[in-house]
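In our numbering, the protein residues as written are 8 to 175. Where is the CB? At the ideal position from N, CA and C, for every residue including glycine. Everything below concerns the one structure shown next.
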Ligand SMILES: [Zn+2]
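Shown next as structure tokens:
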């Protein structure tokens with residue numbers, strides 16, 4: 008990773024950590040990201056991506072957080088633009104199986120992440136999540152599904168499907 012890119016990701020991490028802290032310390036009932044932080048987020052992610060991520064955070068269908076009873080296994084579930092499409096994202100892992108992630112993040116390196124990953128990072132400190140406790144076995148099954156989906160998304164036969172049509 009180039010030093011510039013490293014610094015870029017580092018500033019994203021520190022901004023998200025600051026947002027988390029200020030929201031945790033806030034006494035107000037309704038947690039809101041300060042305007043200053045929103046401007047910083049916008050400068051790092053761009054207005055369009057930030058707007059789409061915030062739409063997901065405040066969506067009617069909330070982001071789900073599956074966690075095992077002891078809390079060691081955690082997995083986010085975010086709905087795609089089409090309601091029957093669901094993306095699973097591990098906390099702290101910048102990866103998503105959506106088209107946008109593959110095209111804009113991995114291939115074009117034009118975006119640091121996709122709206123789904125960004126939405127999970129904002130939903131957590133904002134408390135906009137439905138938490139679902141699951142058994143270890145169910146978590147392992149979720150994880151196995153996810154790995155299968157990732158392998159499918161890495162198949163070369165799918166690599167050019169829908170390329171450039173991604174507007175996430
Ligand atoms: Zn995504």
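* Taking the alpha-carbon positions, what's the residue 42 to residue 148 distance? -> Start at 1 with the first residue of the chain shown, and residue 42 comes out as number 35. Start at 1 with the first residue of the chain shown, and residue 148 comes out as number 141. One C-alpha to the other measures close to 40 Å.
* Flag this pair as yes or no: are the beta carbons of residue 85 and residue 94 separated by less than 9 Å? => By one-based count along the chain shown, residue 85 stands at place 78. By one-based count along the chain shown, residue 94 stands at place 87. Yes, these two residues count as a Cβ contact at 9 Å.
* Distance between residue 156 and residue 92 (C-alpha atoms, nearest Å) -> By one-based count along the chain shown, residue 92 stands at place 85. By one-based count along the chain shown, residue 156 stands at place 149. Near 12 Å, if we compare the C-alpha coordinates of residue 156 and residue 92.
* Is the distance from the Cβ of residue 63 to the Cβ of residue 133 below 9 Å? -> Indexing the chain shown from 1 puts residue 63 at position 56. Indexing the chain shown from 1 puts residue 133 at position 126. Not closer than 9 Å, so no.
* Asked: Taking the alpha-carbon positions, what's the residue 158 to residue 35 distance?
  -> Taking the first residue of the chain shown as 1, we reach residue 158 at position 151. Taking the first residue of the chain shown as 1, we reach residue 35 at position 28. Going from the Cα of residue 158 to the Cα of residue 35 covers about 44 Å.
* Candidates 48, 32, 82, of which the one nearest residue 154 by Cα -> Along the chain shown, read from residue 1 onward, the residue named residue 154 stands at position 147. Looking only at 48, 32, 82, the smallest Cα-Cα distance to residue 154 is reached by 82.
* Spatial neighbours of residue 18 in its chain, beta-carbon cut-off 7 Å, leaving aside the 5 residues before and after -> Numbered from its first residue, the chain shown carries residue 18 at position 11. For residue 18, where only same-chain residues beyond five positions count, the Cβ hits under 7 Å are 51.
* Asked: Leaving out the 5 sequence neighbours to the left and right, which residues in its chain are closer than 6 Å to residue 111 when beta-carbon positions are compared?
  -> As a first step, residue 111 must be located in the chain shown, where it is residue number 104. Taken in chain order, the residues that qualify are 117, 118.
* **Other residues of its chain near residue 136: CB distance less than 6 Å, five sequence neighbours each side excluded** => The residue labelled residue 136 in the question sits at position 129 within the chain shown. Cβ within range, chain order: 70, 72, 130.
* To do: With hydrogens ignored, establish whether the beta-carbon of residue 123 is closer than 8 Å to any heavy atom of ligand 1.
  => By 1-based counting over the chain shown, the position of residue 123 is 116. In this structure, ligand 1 has a non-hydrogen atom nearer than 8 Å to the beta-carbon of residue 123.
* residue 49, enclosing beta strand (DSSP E) - first and last residue -> Start at 1 with the first residue of the chain shown, and residue 49 comes out as number 42. Here residue 49 belongs to no beta strand (DSSP E); instead the alpha helix (DSSP H) covers 42-52.
* Asked: Within this structure, are the beta carbons of residue 122 and residue 24 separated by less than 9 Å?
  -> Indexing the chain shown from 1 puts residue 122 at position 115. Indexing the chain shown from 1 puts residue 24 at position 17. Contact flag unset, no.
* Less than 8 Å between the CB atoms is what I'm expecting for residue 57 and residue 49, so what's the real figure, rounded? => What you label residue 57 is simply residue 50 of the chain shown in a count that begins at 1. What you label residue 49 is simply residue 42 of the chain shown in a count that begins at 1. 5 Å between Cβ atoms; contact.
* 4-residue-minimum alpha helix (DSSP H) runs that sit fully inside the segment 58-137, ordered along the chain -> Within the segment 58-137, the complete alpha helix (DSSP H) runs of at least 4 residues are 122-133.
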